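J.: Questions regarding the structure given below will be posed in turn.
Okay, here's the thing in structure tokens:
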């Protein structure tokens with residue numbers, strides 16, 4: 001025990017003064033009285049409670065002395081010191097990657113990390129906490145917060161988001177926030193190595209709380225499907241990450257239908273390749289490994305089946321240079337007068353408006369409409385679609401002045417879009433706002449290259465938005481009448497909605513196949529587990545640079561008693577007054 005204000009002990013002189021006052025107070029002696037009739041009431045009360053009367057002779061004195069002692073001790077502020085959390089500023093880095101969902105005997109690694117954070121919060125005494133969620137884009141969830149209730153609430157709300165922790169980027173962020181020697185960094189993860197932390201933090205104090213225990217794990221490393229000789233075949237690679245042989249059940253499903261099932265035996269620390277032959281045509285396939293292991297996130301994988309070379313249809317009359325260009329890149333065009341219901345592929349059309357286009361991917365040449373001369377330099381805005389296409393020597397006489405709204409410009413002249421791309425009726429489209437007859441572009445070597453890029457763009461996104469990582473944000477263009485996208489999981493549960501006019505497309509966190517419903521049209525996309533998360537690592541907990549942090553933070557006052565001392569002294573004063581009042585009344 002220590003005292004914050006020991007100089008207030010000089011007030012003990014007042015206690016001595018009270019004692020002296022009692023020495024010099026008036027002394028009374030007993031006197032015989034001939035008659036006791038006048039003292040009858042006093043005698044009755046005396047006989048009713050003789051022990052109280054005897055106590056009252058000295059009780060007031062002891063109450064006064066005790067109250068003064070308590071008040072003096074309240075002034076000197078006695079405190080008790082105990083082991084506390086080091087540092088004035090605590091930086092918590094929490095790993096929310098998929099490997100933190102590994103299940104052990106006492107729960108998941110992530111639950112254990114949250115418990116450890118809560119225990120540290122209980123030991124805090126006036127320190128600030130900064131909470132950082134690790135990831136490719138680390139985010140600061142709390143900044144120098146000292147309210148324990150707020151900190152605990154935020155910790156409780158944390159969930160596994162299946163992103164890779166990317167500890168290097170997160171530590172660099174934490175090091176930039178640690179602005180003094182009194183900062184302590186606490187990392188809650190499972191596989192952080194001592195060497196990488198030492199290299200990034202130099203002499204900064206840090207504690208790494210690697211949680212969890214060893215667990216058996218079977219990992220579905222990869223799974224894919226493709227059309228081979230007119231049939232759909234698949235292949236999967238399953239890895240046993242334990243030393244002993246393990247058995248598992250491997251199946252390929254689509255929603256409620258199972259197309260393949262096989263019992264497999266995998267030797268310890270080896271891989272097994274499983275070939276799947278003659279699958280029925282489906283929009284997607286889900287591979288599942290059913291096994292009793294501690295890590296379930298890597299037991300499933302999905303594959304989207306798309307045709308490698310979708311058919312190309314030309315509606316009505318098309319510029320012959322376009323047909324010749326597709327033939328050069330090895331794609332034949334089927335000439336049709338109108339779209340029939342059984343047609344599925346990429347459509348090429350010319351005209352004035354996109355309204356009459358079929359609900360399919362399309363390359364549209366806007367040849368009719370009000371036009372203006374092209375006088376300014378052509379500027380490329382999308383390098384991927386126009387990759388290897390040179391416009392320096394391309395001549396375009398005139399361009400339609402009323403471009404399609406809500407489409408992304410690919411090539412512009414001044415403020416006028418020359419080529420646009422985006423989504424129309426839930427399908428990708430490319431719009432060229434000039435007639436090939438008014439340009440020498442078809443005679444340039446870059447024209448067939450553009451057609452090849454356009455074909456790849458339209459075919460790869462046909463009913464498939466692509467592969468995403470967990471919580472990945474990506475800009476996706478929408479058509480003029482398509483703004484809201486509904487996201488559904490495999491159970492047809494509506495997860496959330498996105499307005500592509502106001503925000504980017506955000507993929508869900510958990511790996512799997514999802515549906516993006518755009519204008520009543522279903523587009524599939526797949527969320528993949530990061531390759532770095534397919535082998536959950538486990539390292540020992542450790543501390544670095546222990547001597548770099550001031551020792552002042554190790555012993556802190558665990559409680560202040562002055563408040564309770566003052567309260568007890570006040571109660572004694574009330575009690576002393578009551579004793580005096582009763583004695584004076586008598």
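Residue numbers (the UniProt record's numbering): 1 to 586. For glycine and all other residues, C-beta sits at the position ideal for the given N, C-alpha and C. The model shown is predicted, which means the values in this text are computed figures rather than measured ones.
Quick one: what does DSSP say residue 586 is sitting in, helix, strand or coil?
T.: Low local confidence applies: a pLDDT of 44 at residue 586 is under 50, so the model's placement there is unreliable, with the coordinate-based value given in what follows. DSSP places residue 586 in coil when its eight states are reduced to three.
J.: Indicate whether residue 385 and residue 410 have their beta-carbon atoms separated by less than 8 angstroms.
T.: Yes, these two residues count as a Cβ contact at 8 angstroms.
J.: So which of 59, 21, 95 has the shortest CA-CA distance to residue 579?
T.: Comparing Cα positions, the closest option is 59.
J.: May I ask you to list the residues that DSSP assigns as paired with residue 207?
T.: In DSSP, residue 207 forms a bridge with 186, 543.
J.: Excluding the five sequence neighbours on either side, which residues of its own chain have a C-beta within less than 6 angstroms of the C-beta of residue 10, listed in chain order?
T.: Same-chain partners within the cutoff: there are none.
J.: Counting only runs of 3+ residues fully inside the segment 120 to 167, write out the beta strand (DSSP E) ranges in chain order.
T.: Entirely contained in the segment 120 to 167, the beta strand (DSSP E) runs reaching 3 residues are, in chain order, 128 to 133, 139 to 145.
J.: Quick check for students: name the residue ranges of the alpha helix (DSSP H) that lie wholly in the segment 300 to 334, counting only runs of 4 or more.
T.: Runs found: 320 to 328.
J.: What residues in its chain sit with their C-beta under 8 angstroms from that of residue 316, if we drop five residues either side in the sequence?
T.: So the qualifying residues of the chain are 337, 349, 350.
J.: Would you call the segment 125 to 134 in contact with the segment 218 to 236, where contact means no fewer than 3 C-beta pairs closer than 8 angstroms?
T.: Segments in contact, no.
J.: With which residues is residue 422 paired in a DSSP beta bridge?
T.: 429.
J.: What's the call for residue 122, buried or exposed, on a 16-neighbour Cβ count within 10 Å?
T.: Exposed, because fewer than 16 other Cβ atoms sit within 10 Å of the Cβ of residue 122.
J.: Which residues in the same chain as residue 156 place their Cβ atom closer than 8 angstroms to its Cβ, once the five residues preceding and following it in sequence are excluded?
T.: Only 114 meet the Cβ criterion.
J.: What separation, rounded to the nearest whole angstrom, lies between the Cα atoms of residue 374 and residue 333?
T.: Taking the straight line joining both Cα atoms gives about 31 angstroms.
J.: Quick check on DSSP: helix, strand or coil for residue 391?
T.: Reduced to three states, the DSSP call for residue 391 is coil.
J.: Provide the residue(s) that pair with residue 262 in DSSP beta bridges, ordered along the chain.
T.: 250.
J.: In or out: residue 586 buried (at least 16 other Cβ within 10 Å) or exposed?
T.: Note that residue 586 scores a pLDDT of 44, beneath 50, so its modelled location is shaky; the value from the coordinates is reported in the next line. So residue 586 ends up on the exposed side.
J.: Nearest to residue 178 by alpha carbon, out of 194, 164, 197, 201?
T.: Out of 194, 164, 197, 201, 201 has the C-alpha closest to the C-alpha of residue 178.
J.: At a cut of 8 angstroms, does the segment 194 to 213 reach the segment 93 to 108 through at least three beta carbon pairs?
T.: The segment 194 to 213 vs the segment 93 to 108: in contact.
J.: Is residue 480 helix, strand or coil when you go by DSSP?
T.: Reliability fails at residue 480, whose pLDDT of 46 lies under 50, so the model's placement of it is uncertain and no value is given.
J.: Count the other CB atoms within 10 Å of the CB of residue 565; is the residue buried (16 or more) or exposed (fewer)?
T.: With 16 or more other Cβ atoms within 10 Å, it is buried.
J.: Which term fits residue 441, buried or exposed, when burial requires 16 or more other beta carbons within 10 angstroms of its beta carbon?
T.: With 16 or more Cβ atoms within 10 Å of its Cβ, residue 441 is classed as buried.
J.: Around the C-beta of residue 421, are 16 or more other C-beta atoms found within 10 angstroms, so that it is buried, or is it exposed?
T.: Counting Cβ neighbours within 10 Å, residue 421 comes out buried, since at least 16 surround it.
J.: Which residue from 395, 118, 424 puts its Cα closest to that of residue 590?
T.: Because the chain here runs from 1 to 586, residue 590 falls outside it and cannot be looked at.
J.: In whole angstroms, what is the alpha-carbon distance linking residue 381 and residue 452?
T.: Approximately 18 angstroms between the Cα atoms of the pair.
J.: Who pairs with residue 224 in a beta bridge, going by DSSP?
T.: Residue 224 pairs with 235.
J.: Let me know the secondary structure DSSP gives residue 454 once reduced to three states.
T.: Three-state result, residue 454: helix.
J.: Alpha carbon to alpha carbon, how far is residue 15 from residue 576?
T.: In a straight line, the C-alpha of residue 15 is about 16 angstroms away from that of residue 576.
J.: Could you give the distance in angstroms between the alpha-carbon of residue 304 and the alpha-carbon of residue 241?
T.: Each residue's Cα considered, the two are about 27 angstroms apart.
J.: How is residue 353 classed by DSSP in three states: helix, strand or coil?
T.: If DSSP states are grouped into helix, strand and coil, residue 353 belongs with coil.
J.: Where DSSP assigns a beta bridge to residue 488, which residues make up the other side?
T.: DSSP, once it has assigned bridges, lists 494, 515 as partnering residue 488.
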